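Down below is the structure, laid out as structure tokens.
Number of protein chains: 2
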Amino acid sequence: MKEIKDEKELHSYLEQHQLTNIFNDHLKEHAVLCEFEQGERICTQGESARFLYVHVSGKIKVYTTSQDGKILILSFKQPLEIIGDVEYVNGAELLNTVEATSTKVKMIRFDFEWLKKHGNDDAAFLLFLLDIIAHKFYRKSTAMSFNLMYPVEVRLASYLLSVSALKEHTFTDRLDWLDLKDVANFIGTSYRHVNRIIKQFCMEGLIEKNKGVIVIKDRAGLQIMAKDNIYEQ
Amino acid sequence: MKEIKDEKELHSYLEQHQLTNIFNDHLKEHAVLCEFEQGERICTQGESARFLYVHVSGKIKVYTTSQDGKILILSFKQPLEIIGDVEYVNGAELLNTVEATSTKVKMIRFDFEWLKKHGNDDAAFLLFLLDIIAHKFYRKSTAMSFNLMYPVEVRLASYLLSVSALKEHTFTDRLDWLDLKDVANFIGTSYRHVNRIIKQFCMEGLIEKNKGVIVIKDRAGLQIMAKDNIYEQ
DNA sequence: ACTTAGAAAGGACATATGTCCCTTCTTTTT
DNA sequence: AAAAAGAAGGGACATATGTCCTTTCTAAGT
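And the structure:
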């Protein structure tokens, strides 16, 4: 991680994401723009949280690891995302690990102490946090119900649709979201089983696959398979 | 549902749960104490939310239903619980259905409109909401990871431990949390399978069961089975 | 182009879980 | 107490998913 001491750039990011009114001048004063390498961790599950991060550029993934080493990927995210919000509010240790999956991941960092001093009496800031966390809860809630109620083929169909709905410019950008190992860990199943279902989808004519590249052939069919559920990215 | 027009009682509940400082005088002005019958719905999934409820007495369950009729119970709750908080913040329709599972379930009701007028600039109220929602997110998050990563025997062991940790006065109070149909819908599996695992636990000497009453025989063994996870109620 | 290391895919089998329906137990009614 | 209705439990089989290991493909190095 390196700190980028460029106030201009920092403020341009804030404006780009309409955050200038969210963080008051006191808060902005101590904001730091950080850049992370691909593969670098922004924060690690189990450690104590000291910073709130506003993810403004690049791609990240959020995952959790169980005692016995199982990995569950909770989300692949692009901006705008907030990291550390829940921990800021409840004071608990970090729930998940966050890792940069593209180069030049940029985050605006705020120190918890400073936020407490100058943000906890600021309704705009608190409403912003509320909105973020409520939205996270909403997604988590629907995702959990969905995961618990439907088998892998439904979840995978839903996942494929959600990826195809992304507004990615280039073709290779899309591929980032389709590493089957990651997909398995996201859906909460084994790589083997994802493979099995992928093959089944191919045979049913829902998708096609060449050299690891998956193309949707029958969107309507996939939607039926997904029972109209789509993971919100 | 009937409204109880008894300011004394309402305020005694607020005090009991240390909420007097959370809701300012404006907000309290329009608070209404409501009582629900056993089996009555406090709110219904899919409808638009208009009220924030503070659950102060009795027992409730929260569940969601899928398009094809599957039921997933999200929690069995005793006070203190807040209903409608997420919907208040994000304006979406109700995510879940909430139902009274005991007689005389009491809730303090606040109108969204009134809250917006007199609460959204009140840091104490906003911090309270933040705390509640962050905590809900935390529980949901750990529950989802747990559910996705472990098989039913682990989840059931965890559930049994969590129920045994409840501070219920009477014996019959405990039974409320052990209807196996409900347990199955909570864990996200079939009644048949819960039964199977219960029997397995009996054979392994972890629990005993007589006429539908389950008694824990080997807490340490259950904890190992649960891999130290416990559902937070 | 050949070799080889590593990634991706798949076969075989074991386990976990769901569905359907029959049996057994409980409770209520007569 | 006998009978009947309903709840709870369980058998048998089908499906979903996990584990382990082999095979196939891909890409890098020579």
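These protein sequence lines are chains A and E, in that order.
Positions 1 to 233 (UniProt numbering) are the ones given, in order, by the first sequence.
Positions 1 to 233 (UniProt numbering) are the ones given, in order, by the second sequence.
Virtual Cβ for every residue (Gly too), placed ideally from N, Cα, C.
Predicted, not measured: the structure shown is a model, and the values here were computed from it.
Q: Enumerate in chain order the residues of its own chain whose CB-to-CB distance from E:I132 is below 6 Å, with the five nearest sequence positions on each side excluded.
A: I82 and D85
Q) According to DSSP, what are the bridge partners of A:R41? A) A:E99
Q: Give a yes or no on whether 7 Å exceeds the smallest Cβ distance from A:M225 to chain E.
A: Chain E contact via Cβ: absent.
Q.
Please confirm whether A:H135 has its beta-carbon closer than 7 Å to some beta-carbon of chain E.
A. For A:H135, a Cβ of chain E is located within less than 7 Å of the residue's own Cβ.
Q) On the three-state DSSP scale, how would you describe A:S12? A) helix
(Q) In this structure, how does DSSP classify A:R155 when only helix, strand and coil are distinguished? (A) helix
Q: Show which residues of chain E have a CB atom less than 8 Å away from the CB atom of A:Y138.
A: V86, N90, A92 and L95
(Q) Does the contact criterion of 3 or more C-beta pairs under 8 Å hold for the stretch 53-62 of chain A versus the stretch 132-151 of chain E? (A) Output reads no: the stretch 132-151 of chain E does not touch the stretch 53-62 of chain A.
Q) So who's on the other strand from A:E204, going by DSSP bridges? A) A:E204 pairs with nothing; no bridge assigned.
Q. Should E:L94 and E:A143 be called a contact, given that it needs their Cβ atoms to be closer than 7 Å?
A. Taking C-beta atoms as the reference points, E:L94 and E:A143 fail to come closer than 7 Å.
Q | the UniProt domain "HTH crp-type" (150-220) of chain E: positions lying closer than 7 Å to chain A by Cβ | A | G188
**Q.** Close beta carbons around E:Q233, own chain, < 6 Å, minus the five adjacent residues each side
**A.** Within the same chain, E:Q233 has close Cβ partners S162.
Q.
Which residue marks the beginning of the beta strand (DSSP E) containing A:I214, and which one marks its end?
A. V213 to I216
Q.
Strictly under 7 Å for the Cβ-Cβ distance: is E:K117 near chain A by that measure?
A. no
Q: Determine the chain E residues that contact A:T101 at a beta-carbon separation under 9 Å, and present them in chain order.
A: By Cβ distance, chain E contributes nothing, its closest Cβ being about 20 Å from A:T101, past 9 Å.
Q: Using the DSSP secondary-structure output, state which residues sit across from E:H55 in a beta bridge.
A: E:E81 and E:M107
Q.
If the cut-off is 8 Å on Cβ atoms, which residues from the stretch 61-75 of chain A count as contacting chain E, listed in chain order?
A. T64, S66, Q67, D68, K70, L72 and L74
Q: For E:H30, I'd like the list of residues in its chain whose CB is within less than 8 Å of its CB, leaving aside the five on either flank, ordered along the chain.
A: F110, D111 and W114
Q. According to the neighbour-count rule (16 or more other Cβ atoms, all chains shown, within 10 Å of its Cβ), is E:H118 buried or exposed?
A. buried
Q.
I need the DSSP call for A:I4, collapsed to helix, strand or coil.
A. Under the three-state reduction of DSSP output, A:I4 falls in the strand class.
Q | Residues that E:N49 contacts on chain A, provided the C-beta gap is smaller than 9 Å | A | Note that residue 49 of chain E corresponds to Ala in the displayed sequence, not to Asn. Within 9 Å Cβ-Cβ: nothing; E:A49 doesn't reach chain A, min ~12 Å.
**Q.** A:F36 - containing alpha helix (DSSP H), residue span
**A.** Counting along the chain, A:F36 sits inside no alpha helix (DSSP H); it lies in the beta strand (DSSP E) bounded by residues V32 to F36.
Q) Do E:K106 and E:V56 have their C-beta atoms within less than 7 Å of each other? A) Going by C-beta atoms, E:K106 is nearer than 7 Å to E:V56.
Q. Within the 7 Å Cβ cut-off, does A:N21 reach chain E?
A. no
Q: Measure from the alpha carbon of E:K77 to the alpha carbon of each residue in E:L33, E:Y191, E:D176 and E:T189, then state which is nearest.
A: E:D176
**Q.** Contact belief for E:L127 with A:L126 at Cβ below 8 Å, rounded distance in angstroms
**A.** Confirmed, Cβ separation roughly 7 Å.
Q: Find out if the Cβ-Cβ distance for the pair E:L130, A:V54 is shorter than 7 Å.
A: no
Q: Provide the residue(s) that pair with A:T65 in DSSP beta bridges, ordered along the chain.
A: A:I71
Q.
Output needed for E:V152: all residues of its chain with C-beta closer than 8 Å, excluding positions within five of it in sequence on either side, in chain order.
A. Cβ within range, chain order: I187, T189, H193, V194 and I197.
**Q.** Simplified DSSP assignment, three categories, for E:F76
**A.** E:F76 falls in the strand class under three-state DSSP.
Q. So E:G46 is in the alpha helix (DSSP H); what residue range does that whole segment cover?
A. Element bounds for E:G46: n/a, residue is neither H nor E.
Q.
Do E:N185 and E:I73 count as a contact pair if the criterion is CB distance below 7 Å?
A. yes
Q) Thinking just about the alpha-carbon of each residue, which of E:M203, E:I216, E:L80 and E:D228 is nearest to the one in E:Q16? A) Here the closest residue by C-alpha is E:L80.
**Q.** Helix, strand or coil at A:I198 according to DSSP, with G and I counted as helix
**A.** helix
(Q) Can you give me the C-alpha to C-alpha distance between E:Y159 and A:T103, rounded to a whole angstrom? (A) 43 Å
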